[in-house]
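Chemist:
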Amino acid sequence: MKSLKLMVNSLGQKGSSLIEIVVATGVMALVLTAIVSGLTLSLKTNAESEYRSQAVKRAQEAIEVFRRERTLLGWDVFFGSLSNGGVYCLQTLPAPKSGFTLGACTEEQGIVIAGVDFYREVEVTIDESDPNNPLIQVSVTMRWNSGNGERDVTLLQVFRRWE
52 MKSLKLMVNS LGQKGSSLIE IVVATGVMAL VLTAIVSGLT LSLKTNAESE YRSQAVKRAQ
112 EAIEVFRRER TLLGWDVFFG SLSNGGVYCL QTLPAPKSGF TLGACTEEQG IVIAGVDFYR
172 EVEVTIDESD PNNPLIQVSV TMRWNSGNGE RDVTLLQVFR RWE
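Take 52 as the starting number for the sequence shown in this note's numbering and just add one per residue.
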């Protein structure tokens, strides 16, 4: 059986010196600080990823509402009901076209998801450069404020006349 070697200092005494204990404690503190920092960063990244996922989901819902309205109303009514350059605040979905609020979202029109206020705005751009084939571009922007400042996600959809 192998015997364990015990630490022996220069005076022939067994054990660890105070300096060795302080250094070991300092190294452990640095390692633990690095681990805690890594975990904190991981949690922040995970939360930010969840917020982005929720924003994309809500923006896609808005795109689907515009698709639905085009199908239900028909192209001519859909095309005529939208304002070129108009910004709509879509607080709740699904909403009928008549429920769209023209104008940017105010603070009271946020959508609360996991304790964070999200704002869903849609900008409509109409391109009539070809009168026989006008285009409607719908740009949905979801904004939210995280601990690192304001974030946003934007989805685009182009609508064409089809019969």
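Note that CB positions come from ideal geometry on N, CA and C, so glycine has one too.
Just grab the DSSP bridge partners of S100 for me.
Modeler: Its beta-bridge partners do not exist; DSSP assigns none.
Chemist: Between the beta-carbon of Q208 and the beta-carbon of I114, is there less than 8 angstroms?
Modeler: Yes, these two residues count as a Cβ contact at 8 angstroms.
Chemist: Let me make sure I understand the geometry here. Which of E179, Q188, L186 and S197 has the alpha-carbon closest to that of Y170?
Modeler: It is S197.
Chemist: Could you check whether the segment 100-108 touches the segment 153-160, counting it as contact only if at least three pairs of C-beta atoms, one from each stretch, sit closer than 8 angstroms?
Modeler: The answer is no - the segment 153-160 does not touch the segment 100-108, with fewer than three Cβ pairs under 8 angstroms.
Chemist: Measuring straight from C-alpha to C-alpha, what distance separates V78 and R202?
Modeler: Whole-angstrom Cα-Cα distance: 38 angstroms.
Chemist: Taking the C-alpha atoms as reference points, what is the distance between V167 and S67?
Modeler: Looking at the two C-alpha atoms, the distance is approximately 52 angstroms.
Chemist: Can you give me the start and stop residues for the alpha helix (DSSP H) that G131 sits inside?
Modeler: W126 to S132 is the span of the alpha helix (DSSP H), which, as asked, contains G131.
Chemist: Can you tell me whether V128 is buried or exposed, with buried defined as 16 or more other CB within 10 angstroms of its CB?
Modeler: Counting Cβ neighbours within 10 Å, V128 comes out exposed, since fewer than 16 surround it.
Chemist: Grouping DSSP H, G and I as helix and E and B as strand, with all else coil, what is R119?
Modeler: The answer is helix: DSSP assigns R119 an H, G or I state.
Chemist: D178 lies in the beta strand (DSSP E); which residues open and close that run?
Modeler: D178 -> beta strand (DSSP E) spans V167 to D178.
Chemist: Determine the extent of the beta strand (DSSP E) in which C140 is found, giving its start and end residues.
Modeler: From DSSP, the beta strand (DSSP E) with C140 extends over V138 to C140.
Chemist: Could you spell out where the beta strand (DSSP E) holding G161 opens and where it closes?
Modeler: Neither: G161 is in no beta strand (DSSP E) and is coded neither H nor E.
Chemist: Beta carbon of V175, beta carbon of I162: below 8 angstroms?
Modeler: Going by C-beta atoms, V175 is not nearer than 8 angstroms to I162.
Chemist: Using CA atoms only, rank isn't needed, just tell me which of L141, T91 and D178 is closest to G131.
Modeler: Checked all of L141, T91 and D178; the closest Cα to G131 is D178.
Chemist: Consult DSSP for L207 and reduce its assignment to one of helix, strand or coil.
Modeler: L207 falls in the strand class under three-state DSSP.
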